[in-house]
Amino acid sequence: MSRVLPATTSLPAPPRALPRPLPALAGLALAAVTALGLAGYPVLKLPLALLALGCGLLCAWRPLLALALLPALLPVTGLAPWSGRLLVEEYDLLLLACAAGALLGGSGADPRPVRGGWALLLLLIAQGIALGHGLAGAAWPPDANAWNGYLTPWNALRVARGLLAALVLAPLIRHTLQHDPEAAWAAWSRGTALGLIAVGVAVLWERGVLGVLLAVHDRTSLIYGLLPALLDFTSQYRITALFAEMHTGGAAIDGYVALALPVTAASLLRRGEPAGWRTVAGLALCLGLYTLFVTFTRITYVAVALALLTLALLVAVRRPPASGAAQPPASRFDALRLLAGFGIASLGLYLGFGRGGSIVLLGGALAFGLAAALSALIRPPALRALALIPVPALGGGLAVWGMLTSRWTPQPLPDALLIGAALGLGLTAAGWLAGATTLARRARLGTLGALLLWALLAAIAVPALSGYRMEVRFAATGTDLTGRLQHWRDGWSLQPDDLSGRLFGTGLGSFPRLYQTLIPAGRQVGSYAFARDGERPLLRLGGGNDLLLGQRIELPGPGVYRVEALARAIGEPALLLARLCWHHVLSCSPGSAFEARAPVQPGAWQHIRFEIDAGRLAQQPAWARWPGTLLIGDQQPDTRIEIAELSLRGPDGHERLANRDFAAGGDRWLSYNEFEHLVWHPKSLPLALLIETGIAGLTAFVLVLGAAAWGAWRSAVATPAFGTLCGLLGLIGVGAADSALDFPRIAVLFWIGVLMLLATPARAARPWRRAPAAHD
Numbered sequence: 026m027s028r029v030l031p032a033t034t035s036l037p038a039p040p041r042a043l044p045r046p047l048p049a050l051a052g053l054a055l056a057a058v059t060a061l062g063l064a065g066y067p068v069l070k071l072p073l074a075l076l077a078l079g080c081g082l083l084c085a086w087r088p089l090l091a092l093a094l095l096p097a098l099l100p101v102t103g104l105a106p107w108s109g110r111l112l113v114e115e116y117d118l119l120l121l122a123c124a125a126g127a128l129l130g131g132s133g134a135d136p137r138p139v140r141g142g143w144a145l146l147l148l149l150i151a152q153g154i155a156l157g158h159g160l161a162g163a164a165w166p167p168d169a170n171a172w173n174g175y176l177t178p179w180n181a182l183r184v185a186r187g188l189l190a191a192l193v194l195a196p197l198i199r200h201t202l203q204h205d206p207e208a209a210w211a212a213w214s215r216g217t218a219l220g221l222i223a224v225g226v227a228v229l230w231e232r233g234v235l236g237v238l239l240a241v242h243d244r245t246s247l248i249y250g251l252l253p254a255l256l257d258f259t260s261q262y263r264i265t266a267l268f269a270e271m272h273t274g275g276a277a278i279d280g281y282v283a284l285a286l287p288v289t290a291a292s293l294l295r296r297g298e299p300a301g302w303r304t305v306a307g308l309a310l311c312l313g314l315y316t317l318f319v320t321f322t323r324i325t326y327v328a329v330a331l332a333l334l335t336l337a338l339l340v341a342v343r344r345p346p347a348s349g350a351a352q353p354p355a356s357r358f359d360a361l362r363l364l365a366g367f368g369i370a371s372l373g374l375y376l377g378f379g380r381g382g383s384i385v386l387l388g389g390a391l392a393f394g395l396a397a398a399l400s401a402l403i404r405p406p407a408l409r410a411l412a413l414i415p416v417p418a419l420g421g422g423l424a425v426w427g428m429l430t431s432r433w434t435p436q437p438l439p440d441a442l443l444i445g446a447a448l449g450l451g452l453t454a455a456g457w458l459a460g461a462t463t464l465a466r467r468a469r470l471g472t473l474g475a476l477l478l479w480a481l482l483a484a485i486a487v488p489a490l491s492g493y494r495m496e497v498r499f500a501a502t503g504t505d506l507t508g509r510l511q512h513w514r515d516g517w518s519l520q521p522d523d524l525s526g527r528l529f530g531t532g533l534g535s536f537p538r539l540y541q542t543l544i545p546a547g548r549q550v551g552s553y554a555f556a557r558d559g560e561r562p563l564l565r566l567g568g569g570n571d572l573l574l575g576q577r578i579e580l581p582g583p584g585v586y587r588v589e590a591l592a593r594a595i596g597e598p599a600l601l602l603a604r605l606c607w608h609h610v611l612s613c614s615p616g617s618a619f620e621a622r623a624p625v626q627p628g629a630w631q632h633i634r635f636e637i638d639a640g641r642l643a644q645q646p647a648w649a650r651w652p653g654t655l656l657i658g659d660q661q662p663d664t665r666i667e668i669a670e671l672s673l674r675g676p677d678g679h680e681r682l683a684n685r686d687f688a689a690g691g692d693r694w695l696s697y698n699e700f701e702h703l704v705w706h707p708k709s710l711p712l713a714l715l716i717e718t719g720i721a722g723l724t725a726f727v728l729v730l731g732a733a734a735w736g737a738w739r740s741a742v743a744t745p746a747f748g749t750l751c752g753l754l755g756l757i758g759v760g761a762a763d764s765a766l767d768f769p770r771i772a773v774l775f776w777i778g779v780l781m782l783l784a785t786p787a788r789a790a791r792p793w794r795r796a797p798a799a800h801d
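Residue numbers (the working numbering): 26 to 801.
Below, the structure written as structure tokens:
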């Protein structure tokens, strides 16, 4: 007898048995490790402890809430610029707290075999061997360079954290998916949507849009302040949101967006999704697409487009559930119609924008949005057709007026009328395609806002993709590809020559160390290390062309800041650079950087004093600017500086630095590379796997991904599983030409998605066969 899983409208707790001794003991051990890690954390101990306690209690009450909490918290727990910690971060501690709560709450191990278990076992063996190779020679206990840097063997543990953390959650994932797969997938999808909203809000803050929005007090400031900030597609600044991992470059935000967007899009297509959560997913999708546009990353555009297209095709070919389902199913072609509507709208707006500018965009967006809304709200076909009649005239008329009055590309009246008519009719048809789906009609009010926002996003996407910034990026594709191919050749040369090295790699986390040692370009970036001169701790800076070490500080305002250092040069005389600015992950905000340099002589320790004149430092509210930061460095190649003490005093005379004598190692200090990123990242996921885990690791990765794909196809909860699979493929697409899985938080999300697909229960009937009629 076939069984159709009912739709769920809430997150009910799965049935729980009393904790068995082993899971309970494991939960207590994880709780103890979490407490120990929080006790030694350098910043925000009490808030993090309360947050971890809350997460643990919630997961003990309802274990599946971990699948919502972890993706929701991921984008907002990047405190490395404040803590200086890289080996273990606050997100790892929160994850351990969730896992401990779930185990203590009754989420134990499941004895049933997992799909693709043999492939997963091969992956664990290959990763274990690579982890062992990477940790070879690691000092015990870990020193300051292990906690704060990438050039020690302990970097292997940092790279492995993603998979290890997901394995800690494996009992929880297996338990929740076996007891209530609908609720488990709902929690995962909703948590990812909330995380995507957090990323979008962070991007709006980072680009200055949020600050302008909060300062809006009249219509004039709205038009001339908010819109230019929102639609600025000429800036060379690269967004990072709160992904502090990008302090050395890479594609953390790109990988996150490529993974989260398909998962969120699947929430809109999931049958039985409540209108409130569907609206949340729509908002998340809009903010996620805006984030995608302003990454200005070519490979990310391609990866996300292919991931969403694959999602639409998978949903289209999956047969709807039997007629006894609790909710009426969406048409199998809903996803394709939504995709076609948005694609036609984007193409029409792109063509119209080049012939009339922003007013043509507004007219096209109006036609698309009105048509989508009317199609979703009006059920009778005849009445709907009648309501759509004036829409092409409204949108097309506004577009004609825009083309006739354009200051840059005015069109003759006959051409403007022809283009306006085509644009109005085409975008009205696109809006009808998107709005007349079963999905939109079933939750009309819930999807109305999302459809209108999609129209706005179409108007934003066009200037983003056809603006000056992307024109420059597309024009430089050939040059960039040449440089990337050379980098891949350099990476390929790092592979060992012996058979064992080829099979099992050089060890996890070894790429930066090998690149700096064996590739000449890697030694030109600069370096830093924490060392000791007898009993005296010190910071050693190696001269280079980009690397700086920074600490988040409170800047009281404009004025003169006094820098004092106990320092000496090693070998040749050097220059110590100190820079104050409003700084985010990769760079200082324009016009906010003030710096000074002081000579440092070799020999004995010297007391160095100099001043930074920051009299023109702009003062803004904390929510409208980036954090204040002191950056120090030695930017003369082939020189070295040792610093035993460092002080920064503001105009008020108060000390601004913490851990200024480096007694706590690298706590509160973090390195930054604004331009030179290749030394830290292979810039290719397959190449990274091949170098660090060898042929065995790459083969096992492909096998596990294949098992996950089969799990999605066979899943009893198809749409969320398809969304997760396409998200994984999107992240791998980003990894085709950039770094993706060498960021632990992104890797955690990836491996949780893989484990969910491996553990999800299979449906009874194949998608191309109807389920047999129920009978006794």
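Ideal Cβ positions, reconstructed from N, Cα and C, are used throughout, including at glycine.
By the three-class DSSP mapping on this structure, what secondary structure does residue i have?
i: residue 544; result: coil
i: residue 355; result: With a pLDDT of 49 at residue 355, under the threshold of 50, the predicted position of this residue should be treated as unreliable, and no value is reported.
i: residue 372; result: helix
i: residue 349; result: Note that residue 349 scores a pLDDT of 40, beneath 50, so its modelled location is shaky; the value from the coordinates is reported in the next line. In this structure, residue 349 counts as coil in the three-state DSSP scheme.
i: residue 676; result: coil
i: residue 625; result: strand
i: residue 660; result: coil
i: residue 517; result: helix
i: residue 470; result: With a pLDDT of 46 at residue 470, under the threshold of 50, the predicted position of this residue should be treated as unreliable, and no value is reported.
i: residue 691; result: coil
i: residue 281; result: helix
i: residue 619; result: strand
i: residue 602; result: strand
List the endpoints of the continuous beta strand (DSSP E) containing residue i.
i: residue 699; result: No beta strand (DSSP E) holds residue 699; DSSP gives it neither H nor E.
i: residue 637; result: 631 to 639
i: residue 586; result: 584 to 595
i: residue 256; result: No beta strand (DSSP E) contains residue 256, which DSSP labels as neither H nor E.
i: residue 240; result: Note, residue 240: premise wrong, no beta strand (DSSP E); alpha helix (DSSP H) at 234 to 240.
i: residue 763; result: From DSSP, residue 763 is part of no beta strand (DSSP E); its letter is neither H nor E.
i: residue 452; result: No beta strand (DSSP E) contains residue 452, which is instead part of the alpha helix (DSSP H) from 438 to 460.
Provide the residue span of the alpha helix (DSSP H) that contains residue i, from first to last.
i: residue 228; result: 206 to 231
i: residue 86; result: 70 to 86
i: residue 525; result: 524 to 529
i: residue 726; result: 710 to 738
i: residue 117; result: 115 to 129
i: residue 776; result: 769 to 784
i: residue 108; result: 105 to 108
i: residue 751; result: 743 to 759
Of all the options the options, which has the alpha carbon lying nearest to the alpha carbon of residue i?
i: residue 277; options: 611, 712, 632 and 685; result: 611
i: residue 390; options: 214, 46 and 417; result: 417
i: residue 592; options: 664, 633, 214 and 598; result: 633
i: residue 770; options: 102, 434 and 786; result: 102
i: residue 691; options: 111, 63 and 549; result: 111
i: residue 617; options: 644, 601 and 597; result: 644
i: residue 91; options: 755, 414 and 196; result: 196
i: residue 582; options: 639, 132, 403 and 679; result: 639
i: residue 624; options: 613, 603, 614 and 139; result: 603
i: residue 446; options: 424, 570 and 749; result: 424
i: residue 536; options: 688, 504 and 184; result: 184
Given that a residue counts as buried once 16 or more other Cβ atoms are within 10 Å of its Cβ, and exposed if not, what is residue i?
i: residue 70; result: exposed
i: residue 165; result: exposed
i: residue 507; result: exposed
i: residue 578; result: buried
i: residue 310; result: buried
i: residue 863; result: Residue 863 falls outside the range modelled here, since the chain spans only 26 to 801, and no answer is possible.
i: residue 558; result: exposed
i: residue 270; result: buried
i: residue 253; result: exposed
Any heavy atom of the ligand GTP closer than 8 Å to the Cβ of residue i?
i: residue 549; result: Absence of the ligand GTP from the depicted structure is noted, as is the absence of any ligand whatsoever, leaving it without description.
In chain order, what are the residue ranges of uninterrupted alpha helix (DSSP H) at least 4 long that sit wholly in the stretch 289 to 346?
Listed in chain order, the alpha helix (DSSP H) elements of length 4 or more contained wholly in the stretch 289 to 346 are 300 to 318 and 323 to 342.
Sequence ranges, alpha helix (DSSP H) only - wholly within the stretch 398 to 423, length at least 4
406 to 413
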